[in-house]
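Following: one structure in structure tokens, then a few remarks.
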Amino acid sequence: MRAEDTVLLTGRDAGRVAAAAEEIRRSPKVVARVEDRVLDVSRPEAVAALAEELRGRHSGADVVISNAAARLRPDVSQAAQADEFIDVSNGGTHAVLRSFPQVLRPGGRLLVVASSLGTLGRLPESLHPMFDGATLDQVEHVVESWRSSIHRGVARETGWPLWLNLPSKVAQVAAVRAVAADRRGQDLANDIMIASVCPGMVDTAASRPWFTDYSAAQSPKQAAEAVLDLALATSADPALYGELVRFGEVLPWRGGTRPTEQEGLLIP
Ligand SMILES: NC(=O)c1ccc[n+]([C@@H]2O[C@H](COP(=O)([O-])OP(=O)(O)OC[C@H]3O[C@@H](n4cnc5c(N)ncnc54)[C@H](OP(=O)(O)O)[C@@H]3O)[C@@H](O)[C@H]2O)c1
143 MRAEDTVLLT GRDAGRVAAA AEEIRRSPKV VARVEDRVLD VSRPEAVAAL AEELRGRHSG
203 ADVVISNAAA RLRPDVSQAA QADEFIDVSN GGTHAVLRSF PQVLRPGGRL LVVASSLGTL
263 GRLPESLHPM FDGATLDQVE HVVESWRSSI HRGVARETGW PLWLNLPSKV AQVAAVRAVA
323 ADRRGQDLAN DIMIASVCPG MVDTAASRPW FTDYSAAQSP KQAAEAVLDL ALATSADPAL
383 YGELVRFGEV LPWRGGTRPT EQEGLLIP
């Protein structure tokens, strides 16, 4: 990072994002300018406006990391949490994917933090065709029909798992794949990387209620390392482009199995 670089830290709460930015500014290792900004990613127009602003101010962006997720609580019904969860995790991902690829400068990186729960094999087979090879419009449509089936009380009978996190993560990875499929040639020619990324197990307030054993969990700081390795790699690896990447390795899109409690997950 250089003194002329700008790091823009965003969050939905002005106080929290300002405090986080101040903590970064205080680090003697940080030479770049650090700015904080309120951004609610569930508002696509706000995400689009930020992308346009960066195009105007900086002629684009070099690294974009989309990490926002609403927290799920085990003691509240999944249906009651569906709208906020989908609006942030999926609506936010779609908004970033619609606005930011176009403002990436040559050598740019756009990473969507998803999860190893985002491979197709995590869902029942009957749902696979909806996501496999889907365009971004189609992924958005599937997400909205999933939301609607939750609200109509028919999601289970149409095959959707109860735990919102599973379809949501698969949809995030499918959305990244859709955009990457369209842009692959031009992006790799410009050394641009678009990918989804699994940070591994991280000890956060969001994940704590859902794991039985935390002994192997990383701190957020540790988990950021592999994500930053991908973001700051000297060149975009074509083998990783568009894929779901965990600790530098591709998690095959059609791989994965239905999650079980043997994985240490508390599945609703
Ligand atoms: N933790 C794990 O073990 C693990 C494993 C695999 C994948 N992941 C993935 O990693 C990502 C981050 O998860 P995490 O565990 O770090 O959760 P987290 O601690 O709850 O972080 C999520 C962040 O999203 C922000 N956010 C929520 N709603 C927002 C909105 N509308 N607009 C903008 N920002 C918003 C939250 O800000 P506030 O401070 O305002 O709440 C929070 O900073 C998620 O996609 C998650 O699925 C996590």
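Just so we're on the same page, our numbering is the position in the sequence shown counted from 1, plus 142. We put the CB at the ideal spot given by N, CA and C, even for glycine.
Give the single residue among Val205, Asp178 and Ala237 whose Cα lies nearest to the Cα of Glu164. Looking up residue 164 in the sequence shown gives position 22. The residue among Val205, Asp178 and Ala237 with its C-alpha nearest the C-alpha of Glu164 is Asp178.
Excluding five sequence neighbours on each side, which residues of the same chain lie with their C-beta closer than 8 Å to the C-beta of Asp229? Within the sequence shown, numbered from 1, the residue matching residue 229 stands at position 87. So the list reads Ser184 and Ala212, once near-sequence residues are dropped.
Cβ of Asp178 within 6 Å of any heavy atom in ligand 1? In the sequence shown, the residue the question calls residue 178 occupies position 36. For ligand 1, not one heavy atom lies less than 6 Å from the Cβ of Asp178.
Rounded straight-line distance, which links the Cα of Gln360 to that of Trp288: The sequence position of residue 288 within the sequence shown is 146, counting from 1. The sequence position of residue 360 within the sequence shown is 218, counting from 1. Between Trp288 and Gln360, the alpha-carbon positions lie close to 32 Å from each other.
If you draw a straight line from the C-alpha of Arg158 to the C-alpha of Gly406, how long is it? Indexing the sequence shown from 1 puts residue 158 at position 16. Indexing the sequence shown from 1 puts residue 406 at position 264. Approximately 31 Å between the Cα atoms of the pair.
Gly153: beta carbon under 6 Å from a heavy atom of ligand 1? The residue given as residue 153 occupies position 11 in the sequence shown. Because some heavy atom of ligand 1 lies under 6 Å away, the Cβ of Gly153 counts as near it: yes.
Start-to-end residues for the alpha helix (DSSP H) that takes in Ala221: To locate residue 221, count along the sequence shown from 1; it is residue 79. Run containing Ala221: Gln220 to Phe227, per the alpha helix (DSSP H) assignment.
Compute the beta-carbon to beta-carbon distance between Ala331 and Tyr383, rounded to the nearest angstrom, for a pair I have assumed lies under 8 Å. As a working note, residue 331 is residue 189 in the sequence shown. As a working note, residue 383 is residue 241 in the sequence shown. About 11 Å; that fails the 8 Å criterion.
Check the C-beta distance from Leu253 over to Ala373 and give it rounded, since I have them as a contact under 8 Å. As a working mapping, residue 253 is identified with position 111 in the sequence shown. As a working mapping, residue 373 is identified with position 231 in the sequence shown. Sure, about 6 Å apart at Cβ, within 8 Å.
Quick one: is the Cβ of Asn232 within less than 6 Å of any heavy atom of ligand 1? Sequence index remark: in the sequence shown, residue 232 carries index 90 (1-based). Not under cutoff, so the answer is no.
Taking the continuous alpha helix (DSSP H) assigned at Leu192, which residues delimit it? Within the sequence shown, numbered from 1, the residue matching residue 192 stands at position 50. From DSSP, the alpha helix (DSSP H) with Leu192 extends over Pro186 to His200.
Measure from the alpha carbon of Ala156 to the alpha carbon of each residue in Val176, Ala174, Val180 and Val173, then state which is nearest. Taking the first residue of the sequence shown as 1, we reach residue 156 at position 14. If we check each option's Cα against that of Ala156, Val180 comes out closest.
Pro303, DSSP secondary structure in three states: Counting from 1 along the sequence shown, the entry for residue 303 is found at position 161. In this structure, Pro303 counts as coil in the three-state DSSP scheme.
Rounded to whole angstroms, how far is the Cβ of Val369 from the Cβ of Ala381, which I believe are closer than 8 Å? Here residue 369 refers to the residue found at position 227 when the sequence shown is read from its first residue. Here residue 381 refers to the residue found at position 239 when the sequence shown is read from its first residue. Not a contact, Cβ separation roughly 18 Å.
Quick one, which of Pro271, Ala188, Arg325 and Glu282 has its alpha-carbon nearest Arg251's? Against the sequence shown, residue 251 aligns to sequence position 109. Here the closest residue by C-alpha is Arg325.
Using 8 Å as the cut-off, can you tell me whether the region 268 to 280 makes contact with the region 296 to 316, which would need three or more C-beta pairs spanning the two stretches below that distance? Yes, the region 268 to 280 is in contact with the region 296 to 316.
Uninterrupted alpha helix (DSSP H) stretches inside the region 254 to 282 (no shorter than 4 residues): You should have 270 to 273.
Between which two residues does the beta strand (DSSP E) harbouring Ile336 extend? On the sequence shown, residue 336 is found 194 positions in, with the first residue counted as 1. From DSSP, the beta strand (DSSP E) with Ile336 extends over Met335 to Cys340.
Helix, strand or coil for Arg179? Go by DSSP, reduced to three states. Numbered from its first residue, the sequence shown carries residue 179 at position 37. Arg179: strand per DSSP, three-state reduction.
Go ahead and pull the three-state DSSP assignment for Gly233. The residue you call residue 233 lines up with position 91 of the sequence shown. Three-state result, Gly233: helix.
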